[in-house]
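Residue numbers (the numbering used here): -10 to 149. Note that CB positions come from ideal geometry on N, CA and C, so glycine has one too.
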Amino acid sequence: MSLYDWLLFLHVTGAFFLIGGVVVAGILNLAAIGPKRRPSEIATLYRLIRFAVPLIGAGMLLTLAIGLWLVHESPWNYGYDDAWVIVALVLWALAGWLGGIDGKYQRRTGKFAERLSAEGDVPTPELYARLRAPRALAVSYGSGLLAFAVLGIMIWKPGA
-10 MSLYDWLLFL
0 HVTGAFFLIG
10 GVVVAGILNL
20 AAIGPKRRPS
30 EIATLYRLIR
40 FAVPLIGAGM
50 LLTLAIGLWL
60 VHESPWNYGY
70 DDAWVIVALV
80 LWALAGWLGG
90 IDGKYQRRTG
100 KFAERLSAEG
110 DVPTPELYAR
120 LRAPRALAVS
130 YGSGLLAFAV
140 LGIMIWKPGA
């Protein structure tokens, strides 16, 4: 196998980590938002999201580092100034930025659910408001959609 083949393998592996982590986190987040759950259940779901975070982080790192190396090593004369590369990098950065904002919000929501769980496991309107906050949901699912948009650009390479 050539260097390019190995780089492509690692890049695709990173994409699987990233998208897999995003999907797992999204499903668990959606499960927490679901029907009236006790704070202990919500806290458990949010703790499970933590297992997706290293996948997302590794995926972000591998896709960026190896992706840039792939552009350099490409036998098809891709360049860092190609529109699809620039758009993918911008969307990648936005996805990471929004994901970071969402991660902090979800951590606080998970800790709030844990505190309610320890205080009698009675749900409150504030907890449900945090889970269903439109801005938080837009940031959360927006970051995931941006990750999928980057995947689409990587597959189809518009303009290349």
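With 16 or more neighbouring CB atoms inside 10 Å of its own CB, residue 129 falls in the buried class. According to the DSSP assignment, residue 149 belongs to no alpha helix (DSSP H), since it is labelled neither H nor E. In this chain, the alpha helix (DSSP H) harbouring residue 115 covers 114 to 120. Put simply, the backbone Cα of residue 148 is about 57 angstroms away from that of residue 108. Ranked by how close their Cα comes to the Cα of residue 136, the residues 101, 9 and 60 have 9 in first place.
In the displayed model, residue 71 falls within coil according to three-state DSSP, outside both helix and strand. For residue 65, the three-state secondary structure derived from DSSP is coil. For residue 43, the secondary structure class from DSSP, reduced to helix, strand or coil, is helix. Residue 60 and residue 66 have their C-alpha atoms spaced approximately 8 angstroms apart.
Linking residue 142 to residue 53 through their CA atoms gives a straight-line distance of about 14 angstroms. The Cβ atoms of residue -2 and residue 44 lie no closer than 7 angstroms to each other. Here residue 129 carries a helix assignment [DSSP, helix/strand/coil].
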